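Chains as they are written, first to last, in the working numbering: chain P, 5 to 409; chain Z, 261 to 520.
Glycine included, each C-beta is placed from N, C-alpha and C at the ideal position.
Being a predicted model, the structure only gives us computed values, none of them experimental.
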């Protein structure tokens, strides 16, 4: 039998059955496949959204694209102004900023704890990180500010007991209040809180900043030195190439990408992905069982009709393919409607009401490639699960099929 | 049976094609060679096994049916009428014996060639109307034509012509549930004709119909037999139906009893 004719007859039978058959069954099957498709997409998208958020939070508030640190055995990097000029003029660098660790303890009234206090150039720091723009109270530092400090919300507390680290924070500090900072030289300095920032990222919100100008006055030894330099890539050069370009500039430093610095977080992502794969397998199994049952029930009701079709010469392949076609159409419609629902409803809804994680609010990280991949998988699973009962039913002797009720 | 063997040696396997335009003209046999019979059966037996019990459905049946004949298989319930029809129509396989359609032995054919033979050479009318519920009358009729896919045959147009022939031109867009039992059975007859079969088999085609519809169906079959010279073999338990047949084959306890 010519394949073209078999395909034509099977698509004809499937098409008529879909358009003129039981519409309730068709609608329910499509609805179930739609939900299965959304289920297939949702958890991976949420994990992807969380991973995207982690990556953006880490690069925007903690490490930037590349972190340059003193080589092993050194405390800091010298001749920073020259080095920064060289870095900034390197192709692929969008901005660079240096920090110097000046303090380790902050206290207010009866509250005190250990936090890092870095001296920064407010202007260049704002070109590398988003922190200056995530104000919760007050204002960001200006280069000429003296005796001022820019506090993370998890240090200040701001009277907000819902904060994750409220218990260990200064609890009630607001912009304009005075705090005491213990500097690395053992000296205590009283500073005015210029502003409080909220990066919505626990690690970032437990940091505090003072201006380099003021720090170099109280700690002259740090002048033109840095404990870390942060480099923001403009995205035009791969990170490895960027490192290769920067390495010849200085030999007494080490380079760390954000990916290296978030190693423990990557472990969590791997665990998420493992859970996701298990859930995906279960979901696909549910899809397989659903289409199998729908096809099986349909075939059980049409056993005699199939016997008649075979008796009048319709080939078993055409009969099987007609059910496979139907399943593929169910799956395609389920996938299509599911994609529309996911992109038009679920995505924007979660964008507006994001899931809250310790690293910040995460929306759905939707990837077109994953949507296509899951769509194909679901269609193939549907086709296979329709094929099995259809194949079994055409193996029954024609006579037995004709005698069926 | 020696004659049948000789016939097979001079087999002209392809049956003369009957067309709607043939208008009842008799098929022309090849010169000097008699055409093979439409159906020949040699010593066919069929035994049903119900656990350890063997029930003979047919016992050593030998018969032949000529081209263009309208033959009726009659007998009491359980006599083996439908069993014989199923062997002849390749829906079932005999345990013993041989069957020839148009001179070609079909007993040992695999399921694929049998399926193609059923599609291309045989037509079926079942006891129950047996139409695909989602298809219109016209679609039901042209489905086997679509499957066979003969070149240069517009099976849609042909389905329309056949439905006109069985008096259902006005009903061809209707689906089976919108048709009466008699109309559905005439659609089934029209479907059996779509691929210009050599033989039409009908298994008690009037069993589920009222007498008026039953008469219409039988007259339709008889009319087609005469006009298209198509061989018709039908099963009936109604003695009145013998009037439509040119020959009656009586079965009793799985054996040919009379009329042959």
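Within the DSSP bridge table, the entry for residue 258 of chain P names P:73 as partners. Residues of the segment 291-310 of chain P with a C-beta atom less than 7 Å from some C-beta of chain Z are 309, listed in chain order. Scanning the segment 241-314 of chain P for uninterrupted alpha helix (DSSP H) segments of 4 residues or longer gives 243-250, 262-265 and 267-305, listed from N- to C-terminal end.
Boundaries of the alpha helix (DSSP H) around residue 158 of chain P: 157-160. Under the Cβ criterion of 9 Å, residue 319 of chain P is counted among the residues facing chain Z. Per DSSP, reduced to three states, the secondary structure at residue 144 of chain P is coil, with no helix or strand assignment. DSSP, reduced to helix, strand and coil, places residue 330 of chain Z within a strand of the structure shown.
The beta strand (DSSP E) runs of length 3 or more contained entirely in the segment 108-143 of chain P are, from start to end of the chain, 115-124 and 139-142. In the structure shown, the three-state DSSP call for residue 60 of chain P is helix. By the C-beta density criterion, residue 308 of chain Z is exposed, having fewer than 16 other C-beta atoms within 10 angstroms.
Our two residues, residue 198 of chain P and residue 123 of chain P, have alpha carbons roughly 14 Å apart in a direct line.
Annotated as proximal: residue 384 of chain Z and residue 452 of chain Z, with beta-carbon spacing under 9 Å. Around the C-beta of residue 240 of chain P, fewer than 16 other C-beta atoms lie within 10 Å, and the residue is accordingly described as exposed.
Less than 9 Å separates the beta-carbon of residue 195 of chain P from that of residue 185 of chain P. Scanning chain P for C-beta atoms nearer than 7 Å to the C-beta of residue 432 of chain Z yields nothing, as the closest lies near 15 Å away.
Under a 10 Å Cβ-count criterion, residue 79 of chain P is classified as exposed, with fewer than 16 other Cβ atoms of the shown protein chains found around its own Cβ.
Collapsing the DSSP output to three states places residue 514 of chain Z in coil.
Of all residues in the segment 390-405 of chain Z, the ones placed with a Cβ closer than 8 Å to any Cβ belonging to chain P are 390, 392, 393, 394, 395, 399, 403 and 404, in chain order. Across the segment 335-353 of chain Z, CB contacts with chain P closer than 7 Å involve 346, 351 and 352, in sequence order along the chain.
When secondary structure is reduced to three states using DSSP, residue 68 of chain P falls in the coil class, being assigned neither helix nor strand. From the listed residues Z:330, Z:338 and Z:326, the smallest Cα separation to residue 316 of chain Z is found for Z:338.
Burial state of residue 340 of chain Z is buried, judged by a 10 Å Cβ sphere holding 16 or more other Cβ atoms. Within 8 Å of the CB of residue 314 of chain P, the CB atoms of chain Z belong to 375, in sequence order along the chain.
The DSSP-derived three-state label of residue 383 of chain Z is strand. Of the residues P:245, P:391, P:82 and P:364, the one whose Cα lies closest to the Cα of residue 227 of chain P is P:82. Within 10 angstroms of the beta-carbon of residue 472 of chain Z lie fewer than 16 other beta-carbons, which makes it exposed. Counting the other Cβ atoms within 10 Å of the Cβ of residue 412 of chain Z gives fewer than 16, which makes it exposed. Here residue 88 of chain P is buried: its Cβ has 16 or more other Cβ atoms, across all protein chains shown, within 10 Å. About 6 Å separates the CB atoms of residue 187 of chain P and residue 106 of chain P; that is less than 8 Å, so the two are in contact. Shown here for residue 358 of chain Z: same chain residues with a beta carbon closer than 7 Å to its own, the five before and five after excluded, namely 302, 365 and 367 in chain order. In this structure the segment 287-294 of chain P does not lie against the segment 314-330 of chain P, because fewer than three pairs of beta carbons, one per stretch, are closer than 8 Å.
Cα atoms of residue 126 of chain P and residue 271 of chain P: separation of roughly 34 Å, rounded to the nearest angstrom. Taking 9 Å as the threshold, the shortest C-beta distance from residue 494 of chain Z to chain P does not fall below it.
Just measuring C-alpha positions, the residue of P:244, P:99 and P:257 sitting nearest residue 75 of chain P is P:257.
Distance from the CA atom of residue 102 of chain P to the CA atom of residue 170 of chain P, rounded to whole angstroms, is 29 Å.
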